[in-house]
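Chains as they are written, first to last, in the numbering used here: chain A, 1 to 329; chain B, 1001 to 1329; chain C, 2001 to 2323; chain D, 3001 to 3323.
Glycine included, each C-beta is placed from N, C-alpha and C at the ideal position.
Accompanying notes for the structure given below.
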Amino acid sequence: MANQSSAPKGAATGEAAVDEKILREMYRNVYATRQFELTCVTLYRQGLIRGYFHPYLGEEAIAAGACAAIGRDDYIVSTHRGHGHCISKGADLKLMMAEIVGRATGYCKGRGGSMHISSKLDNNLGANGIVGAGIPIATGAGLGIRVKGSRQVVIAFFSDGASNNGVFAESINLASVFQLPVIYMLENNHYAVSTPVECSAGDCNLANRGPAYGVPGVCIDGNDAEEVYLTTKQAVERARRGEGPTLIEAKTYRHGGHHVNDPGLYMDQEALASWKARDPVNLLRAKINDVSVKQIEAKVDAEVAEAVEFAKNSPEPSVEEFLASIADD
Amino acid sequence: MANQSSAPKGAATGEAAVDEKILREMYRNVYATRQFELTCVTLYRQGLIRGYFHPYLGEEAIAAGACAAIGRDDYIVSTHRGHGHCISKGADLKLMMAEIVGRATGYCKGRGGSMHISSKLDNNLGANGIVGAGIPIATGAGLGIRVKGSRQVVIAFFSDGASNNGVFAESINLASVFQLPVIYMLENNHYAVSTPVECSAGDCNLANRGPAYGVPGVCIDGNDAEEVYLTTKQAVERARRGEGPTLIEAKTYRHGGHHVNDPGLYMDQEALASWKARDPVNLLRAKINDVSVKQIEAKVDAEVAEAVEFAKNSPEPSVEEFLASIADD
Amino acid sequence: MAELKYREALNRALFEEMRRDPLVFVMGEGIAERGGSYKVTEGLLKEFGPNRVIDTPIAEASFTGAGVGAALIGTRPVVEILFVDFTTLILDQIINQAAKYEFMSGGQGKVPMVLRTQGGAGNGLAGQHSQSLEALFYHIPGLKVVMPSTPYDALGLLKAAIRDDHPVIFIEHKLLYMTKGEVPAEEYVVSLGQADIKKPGEDVTVITYSYMTLKCLEAAHALEKEGIRAEVVDLRTLSPLDKKTLLESVSKTGRAVIVHEACKRGGVGADIAAMLMEEAYDELDGPVLRICGKNTTIPYNLELEKACVPSVAEIIAGVRTVL
Amino acid sequence: MAELKYREALNRALFEEMRRDPLVFVMGEGIAERGGSYKVTEGLLKEFGPNRVIDTPIAEASFTGAGVGAALIGTRPVVEILFVDFTTLILDQIINQAAKYEFMSGGQGKVPMVLRTQGGAGNGLAGQHSQSLEALFYHIPGLKVVMPSTPYDALGLLKAAIRDDHPVIFIEHKLLYMTKGEVPAEEYVVSLGQADIKKPGEDVTVITYSYMTLKCLEAAHALEKEGIRAEVVDLRTLSPLDKKTLLESVSKTGRAVIVHEACKRGGVGADIAAMLMEEAYDELDGPVLRICGKNTTIPYNLELEKACVPSVAEIIAGVRTVL
Ligand SMILES: Cc1ncc(C[n+]2csc(CCOP(=O)(O)OP(=O)(O)O)c2C)c(N)n1
Ligand SMILES: Cc1ncc(C[n+]2csc(CCOP(=O)(O)OP(=O)(O)O)c2C)c(N)n1
Ligand SMILES: [Mg+2]
Ligand SMILES: [Mg+2]
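Structural data, given as structure tokens:
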């Protein structure tokens, strides 16, 4: 049996067209993510960003589409490739950039950096340096929602590599047994670092892992923000009705290496080209009128520039204060 | 969707009848396991066995059927409920009983006890006190076989509870990706301690978890040693051909509580009665001529009695020697 | 004052805290219907229902991670892991998530979670059900570690742990569940981070915790008859460590013995000994002695098992050597 | 003698051992085609093929468990975990399986497995990619723990670890991979369990391991200029601990300082300090000093990160205080 990635068949096909307002909101987010990431690449090259930085380039439509389907009060859990989730959930680009540059004014006071960025105000429970570790955390947020008796939902973002870790199977089973309001958003970008999904998954059509645990699994085009939005919306409604979790496999492709220093030469160049031809930013831009696009882009460009200035002008955290804060440990 | 356990549909139906010799071998093992376990219960009540003892009563056909399908050179990995596996793989009842009673002559010199029994000579890699932990170990034995280039296979025994642990999903996926010669024998006895499988698995037809990882999953009647044997045989042949792992869900039912001190009052009494009516020892006995049955039973009875004598007359391990052996740690 | 068993005291703490705060909930294997392997959660399901008393599949890593997630959104999970031995399955969620979240988020989020578990040797349960692994948690910044020895402490400390805004590893001992002790009828809390002098004395400080406290007291009472007055300090909370009480006691007695069941090599006793040497060298009349578990996997055979863990006789003999 | 980088030395060790013994194989994430994140496994795939150089999915618990299983049937796996921080995911397989199997089986089976991993702070990788977790392994009976500081030691110790019949936790340091050192052209092995005096001295014993060895040497050389002759003992193997070398050195110098990057609380240094006090109290002229990592999660910001780990200046200052 050849283990081949099949074309997504979206559950959302034939759905009602998406509201213009939502399209604009999503475009703001895909475009902002794109610009933010490109800027981070530059800052990284300049030595302003350290550690690991995993760009979300090429995958922007997933975060944007998914987050458009939930409210600010709903939760998300992000990954090491988490800037797109953070932006689409509503984060302040200034505080994000300050964090990623390691400044005292950042979301995490410069203690977290790119791999640990979170924004509590937006109910973004944060990125994670441990692949897969966010999945049970999201599941637990779902459980907490049940305990609190609220109507919130949670989206757990993670990628193909993480879906091979035991916590994924355990968590989706937990959510199934407890009928938790969690949407498992599997960003299948076809790689875990250099390992192609065909070499890491016994069946690389990862949506199939849902039904094995009694959870509907649907495979969609992750480069189409509209499709992501509509599918997520259905899953969210299902979750709010108390009918439990959904697994959404959103197929997509990284636009480059695993992290900023990885040229990604091992990637399938043909596949990469064909995915790039279906760039999520372009796809969505084509659905919006030019005036809106220009307005949005201008606004975002200014925001990103402002974020860079803010980060650069922000103070480094004080070593003395830091040492004092841990003194009694 | 109601999460209900469906009736097994064995892959082996319509297969050629099983050789009489195999039937006798299997009967020896189901009967020996039954008598061994009943004897252990008695010894436990007498205070000769300590710690945890999880009887394999009611599940004897699975170990006997599966082990009949492999050779002595092939490996098995067992569980906390492991006496049946050990016996069916060919262990010496004397050394087993001595171990379970904690004597110096036991397989593990009295250091392991029931929960850690292993017999290297039979390529039984051992029981395990950590639910699920044997599954990756079995998978690794499969990997080692590939490294060595031998034609051996491995059977991993585990139960429904273990299949909810992440190591199961990880392992079956690994075996699928690497096409390892491992048979995953899921003894679905419907309970993990007091938790019914319907409450612990999002889809309690656990064989469905195979295909999600590209592994054939087949559900069979675990009380029918013949069916277990035939299904395992097919899986073993497949594995030896290099075609990779198989997941076999063998449905069965514990004949009592989780461990010797658990009356199991929470069990579904109706289901228990109907499973007991299909007692694996009786089912198999009915397929063998009376003379053979009597011969086998007499031999086993003597062996079990001898094992008890051997254990009782064996020395306790020496505390001094033990302390000396760990002195440089 | 009523006499309660250790497990009853823990049970009462859970009842009281779940009544006090609807955001407190418990989760673990077989804890609801069955009331837990050691009956600590008995009766909770009936009063609080299945939304707050949750039986889980055997998926320790994930339900512990779920505890972290639930804590992050403001509920207060009490997660039970049946044996401390099985915490080896959840250390990513404890070490990399629970312990670090508040720090790494710059204080945006907190993880008010209690991890209840149980350890120690003593029933012939062999290598994977008899360990004392507190040192693994003690080494990790961001975790509190609590190991009560009496029903009184168990009740008061569990309540404090549940109210604490940080992850607390709460380790019970399998041989303590059936022990009895006086517990006041009225509500009380025992603050985390405070050692308790279980028996005052002038000649030597015996520092211990959990089940070994009982053995040390037995040893101390025996020594008393010979005129040796040992002060038995029960740490109760290992982290944060109550250095003040330890240093005060040691500066009074000038001699210290540390007793724990965990393996000696790399055990918590090493850290306490090193700390005392660093901070009270001049107060001490000699080296700090450690009486600890042997550096071995615990064997199944009962006599061998017994040989692995400090006995009252060993403690008595040890104390004598430092005088 | 040739000069090799630490990572090249490790790579040579793997080549030599895999050539010597066809049962040795390596497994981990991105180690085959990509040659590993730190290039330690580069070239192996080409020579030994995909059966012996195995890329795994991100399923650490299971591929480590698979290592245990493979070891049990007589092959000799070298399992790579990218960061020691991720070993929190595999501790059941290490602590409850690999470490205990030989004991619990009464010696029927052995686990000749090497777990290679990498730790330490230094590149702004933040809390989950910067830890020093050797204390977790050091505490567990049945495990050997090796932490080489030089290319020479790395090569010889990795070979010894692969030949050892017991599970060995082999922890590299991310800041060492690019460091260089002399390595003989001919084959050699460095036995496990032997510390190495990296610089002899008479006045004070500085006990350390891994990357901190370099800092201690730097400090010792600076102190030498002031006439303070520090002996720098590189443990190389933490478990089994080379007590003999330590006790000899301490009885010569009468003073000891322990330096490691891991958090002080419950770190390996505590055990060594406690052991020295117990076994060389009369040899010592004062308390053993520990200079260790701060008890904190490592922050992302580079300046904060730096403040968490002992610096050369701190070591120099510390050594002065014990004289
Ligand atoms: C548990 C764990 N194992 C390994 C790593 C190292 N690592 C970081 S990202 C990554 C690949 C993750 O792949 P995937 O889940 O597909 O996410 P993607 O990078 O594609 O977004 C790996 C192996 C890690 N951080 N955590
Ligand atoms: C990791 C782990 N979690 C929990 C336990 C406690 N425990 C022992 S047996 C058992 C139930 C196992 O259920 P299952 O896998 O179905 O095996 P069965 O007892 O039915 O054979 C549990 C929860 C354990 N030993 N290991
Ligand atoms: Mg991916
Ligand atoms: Mg079961």
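According to DSSP, residue pairing for residue 185 of chain A in a beta bridge involves A:157 and A:248.
What you get when you keep residues with a C-beta closer than 6 angstroms to any heavy atom of ligand 4 is B:1159, B:1160, B:1161, B:1189, B:1191 and B:1192.
Neighbourhood of residue 3051 of chain D in chain A, by CB distance below 9 angstroms: empty, with the nearest CB roughly 15 angstroms away.
In chain order, 52, 53, 54 and 55 place their CB closer than 8 angstroms to the CB of residue 259 of chain A, counting only its own chain and leaving out the 5 sequence neighbours on each side. Distances from the alpha-carbon of residue 1205 of chain B to those of B:1160, B:1280 and B:1176 put B:1160 closest. Under the rule that a run must span 3 or more residues, the beta strand (DSSP E) segments found entirely inside the region 207–238 of chain A read 217–221. Within chain A, the residues placing a beta-carbon under 8 angstroms from that of residue 3127 of chain D are 111, 112, 116 and 129, ordered along the chain. Apart from sequence neighbours up to five positions away, the residues of its chain that approach residue 3193 of chain D with a beta-carbon distance below 7 angstroms are 3237, 3240 and 3242, ordered along the chain.
Judged by the Cβ position, residue 1129 of chain B qualifies as a neighbour of ligand 2 at the 7 angstroms threshold, a heavy atom of the ligand being closer than this.
For residue 85 of chain A, the uninterrupted alpha helix (DSSP H) segment begins and ends at 83–88. Taking C-alpha positions only, residue 1297 of chain B is separated from residue 1062 of chain B by approximately 19 angstroms. Put simply, the backbone Cα of residue 3178 of chain D is about 50 angstroms away from that of residue 233 of chain A.
With respect to the C-alpha of residue 3094 of chain D, the residue from D:3158, D:3204 and D:3134 having the closest C-alpha is D:3134. Residues of the region 149–168 of chain A whose Cβ lies closer than 7 angstroms to any Cβ of chain D, in chain order: 161, 162, 164, 165 and 166.
The DSSP assignment places 3268–3280 and 3302–3308 as complete runs of the alpha helix (DSSP H) inside the region 3258–3315 of chain D, in order along the chain (cut-off: 4 residues). By the Cβ-count criterion, residue 3148 of chain D is buried, with 16 or more other Cβ atoms from all chains shown falling within 10 Å of its own Cβ. About 5 angstroms separates the beta carbons of residue 117 of chain A and residue 127 of chain A, which is inside the 8 angstroms limit, making them a contact pair. Taking a Cβ-Cβ cut-off of 8 angstroms, the neighbours of residue 3295 of chain D in chain C comprise 2141, given in sequence order.
Pairing residue 1319 of chain B with residue 2120 of chain C, the inter-Cα distance amounts to about 20 angstroms. Inter-residue distance for residue 107 of chain A and residue 2108 of chain C is about 8 angstroms (C-alpha atoms, whole angstroms). Measuring C-alpha to C-alpha distances from residue 3007 of chain D to each of D:3203, D:3039, D:3290 and D:3299 identifies D:3039 as the nearest. Put simply, the region 2269–2280 of chain C does not touch the region 2075–2093 of chain C. Fewer than three CB pairs are less than 8 angstroms apart. Annotated as proximal: residue 3056 of chain D and residue 3027 of chain D, with beta-carbon spacing under 8 angstroms.
Against chain C, a Cβ distance below 8 angstroms from residue 1326 of chain B picks out 2294, 2295 and 2296.
Within chain C, the residues 2062, 2065, 2066 and 2069 have their CB atoms less than 8 angstroms from the CB of residue 139 of chain A, given in chain order. According to the DSSP assignment, residue 2033 of chain C belongs to no beta strand (DSSP E), since it is labelled neither H nor E. Interface residue (Cβ-Cβ distance to chain D less than 8 angstroms): residue 310 of chain A is not classified as such. At a Cβ-Cβ threshold of 8 angstroms, residue 2157 of chain C and residue 2099 of chain C do not count as neighbours. Residue side-chain check: residue 209 of chain A keeps its Cβ at 7 angstroms or more from all non-hydrogen atoms of ligand 1. Judged by the Cβ position, residue 132 of chain A qualifies as a neighbour of ligand 1 at the 7 angstroms threshold, a heavy atom of the ligand being closer than this.
Under the DSSP assignment, residue 2004 of chain C falls in the beta strand (DSSP E) whose first and last residues are 2002–2005.
Around residue 1153 of chain B, the same chain offers 1070, 1074, 1075, 1142, 1145, 1181, 1182, 1183, 1236, 1239 and 1240 as residues with beta carbons nearer than 8 angstroms, after the five sequence neighbours per side are excluded. Each of B:1191, B:1280, B:1263 and B:1072 was checked against the Cα of residue 1151 of chain B, and the nearest Cα belongs to B:1072. At least one heavy atom of ligand 2 lies closer than 7 angstroms to the C-beta of residue 1081 of chain B. The beta carbon of residue 2209 of chain C sits closer than 7 angstroms to those of 2147, 2149, 2234, 2235, 2236, 2238 and 2260, all from its chain and outside the five residues before and after it, given in chain order.
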